[in-house]
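Convert by adding 17 to the 1-based position in the sequence shown; the result is the number in the working numbering.
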Amino acid sequence: MKGLHTMLPAAAILVFAAMPCLAAAGLATEVQKLEEIEVKEKTGAEGIITQPAKTLIDLDEFRTVGPATSVVDVLKSSAAVDFRGDNSLDPGVDSIFLRGFDAKRFVTAIDGLTLQKTGGRKSSNIVDYSLLPTFLIKEIEIMPGPHSALYDSKSIGGVINMITAEPERREGLKPDLTTTGGYASYDTVNSTTSVRGGVQDFTYDLAYRYYQTDGYLRNSETRLDTWYGRLGYLLPADGFVTVSATTTETDRQAPVNNPGRNGDYDGDYPVTKGGAFDPYASPTWNGDSYAYRMNGRQPTPIGVIDLDVSTGKENRKRAYFATPKDSSLTVMDTDWWQEAAKIQDEYAWSDSHSTIVGYDLAKLYDNGLNNDKTERVKKQGAYLQHTWNIVPSLSARLGVRYEDVAILVTNQGQIKGRPDLVERNWDEFMPKSFVTWKMDDLADWLHDTTLSAGISKIWRAPDFHGDYNPQGRPAGVYLEPEHGMGYDLILGRRLVKDISMKVNYSFYDIEDYIATNSEFAKNSGADAGRNRYSDYTINLEEVYRHGIDIDLGGHIVDQLSFNLSYSWQDFDNRGDEPSGQTDLDQRAAHRISAGLRYDLLANTALLLDYSYQGDETIKVSEEVAEDVWDFREVKNDAAHTVDFAVQQKIPAIRGFLQDALVTVYVKNLSDEEYFDATGFPAADRTFGTTLTLSF
């Protein structure tokens, strides 16, 4: 596959230049899309559609309590998504786990293209969800497990794929204008304005979002400015191509101890202890980012061709006063660059057979080596996936993914006898399978019942900075990829009316699981010679992960809908490594999310959300100086929270106002005292209101 990535852009341009001509010439035949087996009637909670292989959230239909400041506010409706942010008023960096797996073991994607960077500096720092406001997204897919060949090998826990709205032909020149403004406790302001329009085959989207909050904790102010623009062109045969750009400026403070170790206390904020910084440090985590994307789809005689290309850069500055006497800030300035591309062809051979073949590429850079832009990770993947409707009641999705991963570990004399830059390379084939059996014909009581099974190979190379260069140590010299098998058994059933249930039992057997071992390491000193840092991060012998996910939802009556989600997971280290306990126990075993949506009157609705999280013990790490880290253990008790909102629609005014919606809400209604993933108090009871106008 060497050299293929250099030919990809040129080949893609040729393909998309030629395909419209072919379609216009009448060569394109009707394109068939093979659907997966699913219950015929639309079932599930409002805005949530459950299918055997995924759960789909429609953002046009799904209603949140309060404004959806980012996709995290929508994802919280699933108990399989665990919010791990260090500030409950800010979505933050890598602020969610999926089915108990952190950001390096599940995929976050936009239109099928994985979002990733080398990470490091703070937590895993792979995806900043505050950069993903909901106006970019039309639908969100949540797929359990490693059973799709179309996604990066790190999709052990599953995939969260955000689907953007496709460009569409419009009648007339008048654009659609939507603006939302909101204000809440702690001087929290959230406003978004978007414009969507088009002229014949050309379309455009523009949006601006401003978010700021003083925060609940001392020194926790956040401000985000995001601009987004997209141009689209409609191609023949329902094809399209879009080019978009987005940029975000982030000003984010980091919470501090209150009181500090010197007794500095501010009574306007809650007591916080055990953090890495005292008030005098005034730490910040500021930065900016930009991204450019091209997305295209073209039906052709040889299938539906999809192309996604993305390039971007993120900058973060960790700045703070190192001592109370300092007059100048200590600054750690880091840049990350990402380049990614994906091209695939889906061809329907018949009503029963469909094949997808594709290639993806990711090149990840940072300035961690001599402050220069350096390629640290290069990932290439090729995949083949075939869907076969064997009989009307049985379908199989079979695939294989090949991935080649190369990383660059910085050593710089720390391990004797090794070069300053150590190259590592791995590759692997990963078979994937997902089979669905529709059980209607077995008995009347099994009508609208499906049973699905996913069996797939697990493989993940240490392609994250926290694996191969944790805290600047060259641990990646010794690491090997994780590997094993993932099994999911899924029962789906429509119970009554549109109320559906999905029960997913999963078992993953992962060998050579990569775990932090710094507190137990014995080879960190210079006297360890050629074995220095060989046990700083290690491969655990074997890890079992068991899980149960239950989703239930639908309409009790026409005006009242509900959703109920439960998730349980257990990670079991089968070896005797002590870090197997400390690394694997960092998540709550039980989680519940539930919601009620009641249309009280024709234009008035009541919204209620409930969440529960069991007790957990978390290891928190935070970089407080160049390659100097603060480690602490946080124990959080179980907690319940309730959120409530009233929504009022305002009738349209002909010729002026198309739609208006007023929401008044309260979060943490019972004023529950609970703690976030850093051990600091989460926000108490907060109030807010939003107004949305469409013209």
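We treat Cβ as the ideally placed atom computed from N, Cα and C, and that holds for glycine.
Note that this is a predicted model, so its numbers are computed, not measured.
Burial state of A271 (16 or more Cβ within 10 Å): buried
Buried versus exposed call for R671 [16 or more other C-beta atoms within 10 Å across all chains shown]: exposed
Which of helix, strand or coil DSSP assigns to L463: helix
Beta carbon of S533 nearer than 7 Å to that of D600: Per the sequence presented here, residue 533 reads as Thr, with Ser not at that position. Against a cut-off of 7 Å, the Cβ pair of D600 and T533 comes out as a contact.
Under 7 Å between C-beta atoms of D295 and R278: yes
Three CB pairs or more closer than 8 Å across the stretch 116-135 and the stretch 188-197: no
T706 versus V439 - alpha carbon distance: 54 Å
Alpha-carbon to alpha-carbon, H482 and D575: 51 Å
Whole-number beta carbon distance between A224 and T210, since they are thought to touch under 8 Å: 7 Å
Inter-residue Cα distance where the pair is P698 and R213: 40 Å
Where I143 falls, given that 16 or more other Cβ within 10 Å makes a residue buried: buried
Spatially closest choice to S367 from A357, V394 and W405, by CA coordinates: W405
Nonlocal neighbours in the same chain, by C-beta distance under 6 Å from A677, ignoring five residues either side: I667 and L710
C-alpha gap between R510 and I154, whole angstroms: 28 Å
Where F481 sits in the DSSP three-state scheme: coil
Sub-7 Å separation of A478 and V422 beta-carbons: yes
Burial state of R547, where buried means 16 or more other Cβ atoms lie within 10 Å: exposed
With 16 other Cβ atoms within 10 Å as the buried cut-off, status of A166: buried
G277, DSSP secondary structure in three states: coil
Helix, strand or coil at G199 [DSSP, three-state]: strand
Enclosing beta strand (DSSP E) for S208 [first to last residue]: T205 to V216
Where the beta strand (DSSP E) through S306 begins and ends: T301 to T317
Cβ-based neighbour list, Q675, same chain, cut-off 7 Å, excluding 5 preceding and 5 following: A669, S711 and F712
Supposed close pair F747, G117 - CB separation, criterion 8 Å: What the structure shows of the chain is the stretch from 18 to 712, and residue 747 is not part of that stretch, so it cannot be assessed.
Contact between the stretch 418-434 and the stretch 391-403 (3+ Cβ pairs under 8 Å): yes
Neighbour-count burial assignment, W462, 16 or more Cβ in a 10 Å radius: exposed
Element boundaries [alpha helix (DSSP H), containing L601]: S596 to L601
Pick from W585, S344, Y561 and M447 that is closest to D169, judged by C-alpha positions: M447
Coil, strand or helix - V144 by DSSP: coil
Completely contained beta strand (DSSP E) runs for the stretch 54-93, where each covers 3 or more residues: 65-68 and 71-75
Residue environment, S596, which counts as buried when at least 16 other CB atoms sit within 10 Å: buried
Backbone secondary structure at A532 - three-state DSSP: strand
DSSP three-state assignment for R671, whether helix, strand or coil: coil
Run of the beta strand (DSSP E) containing K359, from where it starts to where it stops: T347 to A365
Cβ pair F704, V679 closer than 7 Å: no
Backbone secondary structure at Q488 - three-state DSSP: helix
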